[in-house]
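Asks:
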Amino acid sequence: MNILELEHVTKKYGAFTAVDDLSLSVEEGKVLSLLGPSGCGKTTTLRIIAGFTSPGDGIVRIAGENVGQLKPYERNVGLLFQDYALFPHMTVAQNVAYGLRRRGRSAGEIPVRVKKMLSLVQLNGMDDRYPTQMSGGQQQRVALARALATDPQIILLDEPLSALDAKLRLELRVELKEILRSVGTTTIVVTHDQEEALSLGDEVIVMRAGKIAQRGTPIEIYDAPADRFVAEFVGRSNWFNGSARGRLQDGSTNYLIGQGLEIRSSRQRRDGDAILCVRPENIEIVAADAAVKDSGLNRIPGTVVDVAPLGADIHVVIEYADKSRLLAIRKNARTAVGFEPGTLVQAIFAPGDVLVFPNQHS
Ligand code: ATP
-19 MNILELEHVT KKYGAFTAVD DLSLSVEEGK VLSLLGPSGC GKTTTLRIIA GFTSPGDGIV
41 RIAGENVGQL KPYERNVGLL FQDYALFPHM TVAQNVAYGL RRRGRSAGEI PVRVKKMLSL
101 VQLNGMDDRY PTQMSGGQQQ RVALARALAT DPQIILLDEP LSALDAKLRL ELRVELKEIL
161 RSVGTTTIVV THDQEEALSL GDEVIVMRAG KIAQRGTPIE IYDAPADRFV AEFVGRSNWF
221 NGSARGRLQD GSTNYLIGQG LEIRSSRQRR DGDAILCVRP ENIEIVAADA AVKDSGLNRI
281 PGTVVDVAPL GADIHVVIEY ADKSRLLAIR KNARTAVGFE PGTLVQAIFA PGDVLVFPNQ
341 HS
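What follows is the structure, given as structure tokens:
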């Protein structure tokens, strides 16, 4: 069952269209990530669902009911907004109890529910602290407990982890995911952080200029981006200008990417000019004179210009043809041994890893 439906929702600010004829639905219990660059309309979409911003056009349904006329507090929605700070003059318990009191829950029920929520976010015993006596991560957990306390049908999270430092952000991300899974509340999380979007969402919507550029599972979004915009926004890529040279018997297509340099793709087919993309982790590096058994693999001869060991990953930059560069990311230090700057190498990648997009920036 779809717990949330947006139908042809449009929001304009003067002549500027922040959300443009947006339709989407979310199944009960699922986590949907809205990902996109700054200003693409993510927060506006969330505010429309919450009832803080009214759309000029379109319908918002929660559990089948058109909520267009309902005030934010009349919608059964929990909020954790980036700027939705805790009430500083209230204790942790009072903060978590706030929504319950507003909804007129009984004096017997409230403390029980508050305890349960604080236990859920692992803040047992912190009931009487004030927000200023807590770390950023703890405050954000209180805000999550407050958002979940009323048992909302949908919970909306706007950049829930952005105020935290990198390490804490990662820890809380895992914790947040576990909490969302355990309570099973339908969730929409807005973020401009691709890792966060991919790791939290059952599905991800990539937005661009108020519209949906692509909706899919995290793996689909990464592995089969709908267009160049999505491929560029999610993950790292090497780009080549190509021009189709003909189909091979196995159905793949050859593209000329430089003088005497061709690469093959068995993914999308395109005639004429195209833009080709290869993810850096799909590129293997071998010595220039190494024999490559599989003649179907793409090879680009080049010279290593930089090797950056970044902990778990090693980034190797290879210069090929007329000063073009590509990046290969190897996972294991040993696979990059011997490839110091100046080494002649071949970059090897499979035709199945070459994505093909139209020539113009779509
Ligand atoms: P960010 O990641 O930076 O928060 P976002 O994708 O959430 O970006 P929105 O906050 O939804 O983007 O804003 C979408 C566009 O609408 C932006 O260009 C913004 O400047 C504009 N906008 C948002 N609110 C208003 C407003 N009240 N008046 C005029 N323009 C607005």
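Note that the sequence shown covers residues -19 to 342 in the working numbering. The C-beta atom is built at its ideal place from N, Cα and C for all residues, glycine as well. It should be emphasised that the depicted structure is a prediction, and the values quoted were computed from it without experimental measurement.
Just the C-alpha distance for Y78 and T166, rounded to the nearest angstrom, thanks.
Replies: Going by the C-alpha atoms only, they are around 21 Å apart.
Asks: Let me know the secondary structure DSSP gives Q353 once reduced to three states.
Replies: Outside the shown range of the chain (-19 to 342) lies residue 353, about which nothing can therefore be said.
Asks: Spatial neighbours of E261 within its chain, please: CB distance less than 6 Å, with the 5 preceding and 5 following residues excluded, ordered by chain position.
Replies: Excluding positions up to five away in sequence, the list reads I309.
Asks: For the beta strand (DSSP E) holding M187, just list the boundary residues, first then last.
Replies: Run containing M187: 183 to 188, per the beta strand (DSSP E) assignment.
Asks: Report the residue from F220, D1, R109 whose alpha carbon sits nearest the alpha carbon of P68.
Replies: Ranking the options by Cα distance to P68, first place goes to R109.
Asks: N75 and R126 look like a contact to me (Cβ under 8 Å); what is the Cβ gap, rounded to whole Å?
Replies: N75 to R126, Cβ: 5 Å. Contact.
Asks: Within 10 angstroms of its Cβ, does E45 collect 16 or more other Cβ (buried), or is it exposed?
Replies: E45 is exposed by the Cβ-count criterion.
Asks: Exposed or buried, which one is G289 when buried takes at least 16 other CB atoms within 10 Å?
Replies: Rather than Gly, the amino acid found at residue 289 in this sequence is Pro. The residue is exposed, with fewer than 16 neighbouring Cβ atoms inside 10 Å.
Asks: Alpha carbon to alpha carbon, how far is V184 from G348? Give it in angstroms, no decimals.
Replies: This structure leaves residue 348 out entirely; the chain is present only between -19 and 342.
Asks: How long is the line joining the alpha carbons of V(-1) and I42, rounded to whole angstroms?
Replies: Distance between the alpha carbons of V(-1) and I42 is about 19 Å.
Asks: Tell me whether K22, by its Cβ, gets closer than 7 Å to a heavy atom of the ligand ATP.
Replies: Within the cutoff, so yes.
Asks: I want to check one thing, is the minimum distance from the CB of S18 to the heavy atoms of the ligand ATP below 7 Å?
Replies: Checking every heavy atom of the ligand ATP against the Cβ of S18, one is found closer than 7 Å.
Asks: Give me the Cα-Cα distance between L236 and D203, rounded to the nearest whole angstrom.
Replies: C-alpha separation (whole angstroms): 23 Å.
Asks: Between F(-4) and the ligand ATP, is the CB less than 7 Å from at least one heavy atom?
Replies: Because some heavy atom of the ligand ATP lies under 7 Å away, the Cβ of F(-4) counts as near it: yes.
Asks: Is Y(-7) near the ligand ATP, with its Cβ less than 7 Å from a heavy atom?
Replies: Within the cutoff, so yes.
Asks: Quick check: what's the CA-CA separation for Q62 versus V40?
Replies: Using only the alpha carbons, I get a separation of about 23 Å.
Asks: What does a CB cutoff of less than 8 Å around C20 pick up in its chain, not counting 5 residues either side in sequence?
Replies: M187, R188, A189, G190.
Asks: What is the rounded straight-line gap between the Cα of Y53 and the Cα of E200?
Replies: The alpha-carbon atoms of Y53 and E200 are separated by roughly 36 Å.
Asks: What does the alpha-carbon distance come out to for the pair L136 and P321?
Replies: Roughly 48 Å separates the two Cα atoms.
Asks: When you compare only the Cα positions, how much space is there between G302 and E7?
Replies: Here residue 302 turns out to be Asp, not Gly, going by the sequence shown. If I take the Cα positions, the gap works out to 51 Å.
Asks: Determine which residues share a DSSP beta bridge with F337 and list them.
Replies: Answer is I255, bridged to F337.
Asks: In the DSSP assignment, the beta strand (DSSP E) including Y235 goes from what residue to what residue?
Replies: Run containing Y235: 233 to 238, per the beta strand (DSSP E) assignment.
Asks: Would you check if the distance between the CB atom of N221 and the CB atom of L307 is smaller than 8 Å?
Replies: It is not a contact, given that the beta carbons lie outside the stated cut-off.
Asks: Here's a check: name, in chain order, each residue in its chain whose Cβ is nearer than 8 Å to the Cβ of T230, leaving out the five neighbours to either side.
Replies: Reading off the sequence shown, one finds Asp at residue 230, where the question assumed Thr. Around D230: S246, G276.
Asks: Determine whether the beta carbon atoms of Y14 and V154 lie at a separation below 8 Å.
Replies: Reading the sequence as shown, one finds Leu at residue 14 and not Tyr. For L14 and V154, no; Cβs fall outside 8 Å.
Asks: Please name the residue in P205, E299, H172 whose C-alpha comes closest to that of L256.
Replies: Out of P205, E299, H172, P205 has the C-alpha closest to the C-alpha of L256.
Asks: Whose C-beta lies closer than 6 Å to the C-beta of L4 among residues of the same chain, with five residues either side of it excluded?
Replies: Same-chain partners within the cutoff: L(-14).
Asks: Taking Cβ positions, are L103 and Q118 nearer each other than 8 Å?
Replies: Contact flag set, yes.
Asks: T(-10) by DSSP, collapsed to three states: which one?
Replies: Strand.
Asks: Give the DSSP bridge partners of D138, in chain order.
Replies: DSSP lists V170 as partners of D138.
Asks: Indicate, with yes or no, if the ligand ATP has a heavy atom lying under 7 Å from the CB of H172.
Replies: True, at least one ligand heavy atom lies under 7 Å from that Cβ.
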